[in-house]
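J.:
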Amino acid sequence: MVKYLGKRILIGILSLFVLSAVTFFLTRAIPGSPFQSQNISGDVLEMMEEEYGLNRPVFIQYKAYLGNLLHGDLGYSYQNPGESVTEIIARSLPATITIGSLSIVVAMIAGMGFGIWQGISSHRSVKGVIFTGTMLGAGIPNFVTALVLMLIFGVWFKLLPVAGLTSWRHYILPVFSLALYPTSVVARLTRNLLEEESKKEYVVLAKAKGLKKYQIVYTHILKHIWIPVLNYLGPASAFLLTGSFVVESIFTIPGLGRQFVNSISNRDYTLIMGLTFFMGMMVILINLAVDILCAWIDPRVRKAYLEK
62 MVKYLGKRIL IGILSLFVLS AVTFFLTRAI PGSPFQSQNI SGDVLEMMEE
112 EYGLNRPVFI QYKAYLGNLL HGDLGYSYQN PGESVTEIIA RSLPATITIG
162 SLSIVVAMIA GMGFGIWQGI SSHRSVKGVI FTGTMLGAGI PNFVTALVLM
212 LIFGVWFKLL PVAGLTSWRH YILPVFSLAL YPTSVVARLT RNLLEEESKK
262 EYVVLAKAKG LKKYQIVYTH ILKHIWIPVL NYLGPASAFL LTGSFVVESI
312 FTIPGLGRQF VNSISNRDYT LIMGLTFFMG MMVILINLAV DILCAWIDPR
362 VRKAYLEK
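The number in my numbering is simply the position in the sequence shown, starting from 1, with 61 added.
Structure representation (structure tokens):
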């Protein structure tokens with residue numbers, strides 16, 4: 062297990078190194094300068110770029126940035142020179158973490174619920190409705206969902222607020238906008254796993270004993286399918302981080318996603334790179350935590366990891 066975790070950590074570090082390099086050179090490939098939007102003269106622009114080292118060769122800039130990164134220094138925002146990238150992340154992270162965590166909880170509970178319901182229901186209409194709903198939920202982009210929910214519940218019926226995070230009611234629309242896709246994926250995954258497990262011998266034996274369908278599911282099948290569903294938390298976390306970019310902007314939420322969109326619009330190189338690096342690190346850590354949790358819960362997973 063220690064060998065496996067060590068390998069995963071090394072791969073994670075290498076992934077972060079590649080991510081930082083790709084992000085750095087891509088930001089430098091963006092046309093223009095971070096200071097052009099400030100309506101300054103050409104001479105002043107050259108002085109500011111020289112002050113921040115943007116006139117140096119790009120590889121020299123990357124070497125300096127990498128050295129600062131290894132010391133935990135993500136730099137200062139070009140648009141807000143008095144505020145470091147670390148401070149911006151610390152200020153914006155709670156909103157993103159809260160919305161993301163609530164979305165994951167909703168997706169896991171609702172997704173498994175709908176998947177089990179579709180699997181055990183004897184009504185073709187119920188199966189059809191859930192199947193159609195999960196297909197649509199997996200295919201509609203979250204920003205479209207956000208706009209539709211905002212239009213219906215915020216504009217037409219005026220039931221829910223559509224901007225900010227000042228009360229619990231403000232969380233409903235952004236959480237459901239982000240949770241729709243992972244809910245659909247979890248529902249389809251649960252249904253497929255349920256169908257596979259239903260063909261196995263222990264289920265046939267349980268049916269022969271006269272157990273009802275819901276008893277077989279909750280007593281025998283559920284403990285075999287929820288580990289694969291739990292493994293989806295890693296990809297889901299990556300989706301929620303990237304999905305929050307547009308959703309937070311739509312609902313005017315002061316989170317990491319909105320900061321990322323603004324940083325790209327403003328060509329704020331250090332903020333773009335800092336947010337990308339931090340989000341990449343979070344995804345890697347969440348995937349590692351999920352693997353450890355699955356191995357701790359299920360001895361079979363732990364045995365498989367020990368053999369690697």
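Glycine included, every Cβ here is placed at the ideal spot set by N, Cα and C.
Identify every residue that forms a DSSP beta bridge with residue 145.
T.: Here residue 145 refers to the residue found at position 84 of the sequence shown. Residue 145 is bridged to 137.
J.: Measuring CA to CA, which of 245, 158 and 215 is closest to residue 303?
T.: Working through the sequence shown from its first residue, we reach residue 303 at position 242. With distances taken between Cα atoms, residue 303 lies closest to 158.
J.: Would you call the region 278-294 and the region 332-340 touching, i.e. three or more CB-CB distances under 8 Å?
T.: Of all C-beta pairs linking the region 278-294 to the region 332-340, fewer than three are shorter than 8 Å, placing the two stretches out of contact.
J.: If residue 288 sits next to residue 258, beta carbons under 8 Å apart, how far is it from one beta carbon to the other, in whole angstroms?
T.: On the sequence shown, residue 288 is found 227 positions in, with the first residue counted as 1. On the sequence shown, residue 258 is found 197 positions in, with the first residue counted as 1. In fact, because the Cβ distance is near 12 Å, the residues do not count as touching under 8 Å.
J.: Tell me, to the nearest whole angstrom, how far the beta carbon of residue 171 is from that of residue 244; I am working on the premise that it is less than 8 Å.
T.: Residue numbering aside, residue 171 sits at position 110 when the sequence shown is read from its first letter. Residue numbering aside, residue 244 sits at position 183 when the sequence shown is read from its first letter. Their Cβ separation, rounded to whole angstroms, is 5 Å, which keeps residue 171 and residue 244 in contact under 8 Å.
J.: Taking DSSP as the reference, what is the three-state secondary structure of residue 199?
T.: By 1-based counting over the sequence shown, the position of residue 199 is 138. Of the three classes helix, strand and coil, the one that applies to residue 199 here is helix, per DSSP.
J.: Does the region 344-357 come into contact with the region 260-275, if we say contact requires no fewer than three beta-carbon pairs (one atom in each stretch) closer than 8 Å?
T.: no
J.: On a CA-only basis, which of 91, 82, 150 and 142 is nearest residue 125? Give me that one, please.
T.: As a working mapping, residue 125 is identified with position 64 in the sequence shown. Taking only the C-alpha atoms, the option nearest residue 125 is 82.
J.: Can you name the start and end residues of the alpha helix (DSSP H) that residue 240 belongs to?
T.: One-based indexing of the sequence shown puts residue 240 at position 179. Start and end: 233-259.
J.: Are the CB atoms of residue 240 and residue 195 nearer to each other than 8 Å?
T.: If you number the sequence shown from 1, residue 240 lands on position 179. If you number the sequence shown from 1, residue 195 lands on position 134. No, Cβ-Cβ distance for residue 240 and residue 195 is not below 8 Å.
J.: For my contact list, residue 204 and residue 307 are in at a C-beta cut-off of 8 Å; report their separation, rounded to the angstrom.
T.: By 1-based counting over the sequence shown, the position of residue 204 is 143. By 1-based counting over the sequence shown, the position of residue 307 is 246. Yes, they are in contact, since the Cβ atoms of residue 204 and residue 307 sit about 4 Å apart, within 8 Å.
J.: Taking the alpha carbon of residue 319 as the point to measure from, which residue in 142, 109 and 149 has its own alpha carbon closest?
T.: Translated into positions along the sequence shown, residue 319 becomes position 258. Comparing Cα-Cα distances from residue 319 to each of 142, 109 and 149, the minimum goes to 149.
J.: My output table needs one value for residue 289: the three-state DSSP class, helix, strand or coil.
T.: Start at 1 with the first residue of the sequence shown, and residue 289 comes out as number 228. Residue 289: helix per DSSP, three-state reduction.
J.: Would you check if there are 3 or more beta carbon pairs closer than 8 Å linking the region 134-150 to the region 321-331?
T.: As far as the Cβ criterion goes, the region 134-150 touches the region 321-331, which means the pair count is three or higher.
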